[in-house]
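Numbering (my numbering), first residue to last: 4 to 71.
Glycine included, every Cβ here is placed at the ideal spot set by N, Cα and C.
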């Protein structure tokens, strides 16, 4: 499954790596790609292993806000 999350506060390469890294550490996430200009991250994941709330928590733990 794929999902686009809108993330506020990402502005640089470090932000991109922090968000992608946090998501990829989750069991079930196969890919995460941040688009800094658009303020979003595309996530590919196995919904039997991980849910959207877990992904949002991982991003928020890095200090970024999620737009619903």
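Residue i versus the options, residue with shortest Cα-Cα distance
| i | options | result |
| --- | --- | --- |
| residue 16 | 8, 37, 45 and 10 | 37 |
| residue 50 | 31, 12, 14 and 22 | 31 |
Buried or exposed (CB count within 10 angstroms, at least 16 for buried), residue i
| i | result |
| --- | --- |
| residue 34 | exposed |
| residue 20 | exposed |
| residue 4 | exposed |
Check whether residue i and residue j have beta carbons under 9 Å apart
| i | j | result |
| --- | --- | --- |
| residue 26 | residue 62 | yes |
| residue 29 | residue 53 | yes |
For residue i, the first and last residue of its enclosing beta strand (DSSP E)
| i | result |
| --- | --- |
| residue 44 | 43-48 |
| residue 70 | 68-70 |
Segment limits, alpha helix (DSSP H) that includes residue i
| i | result |
| --- | --- |
| residue 59 | 55-64 |
Rounded Cβ spacing between residue i and residue j (contact assumed at less than 8 Å)
| i | j | result |
| --- | --- | --- |
| residue 12 | residue 68 | 6 Å |
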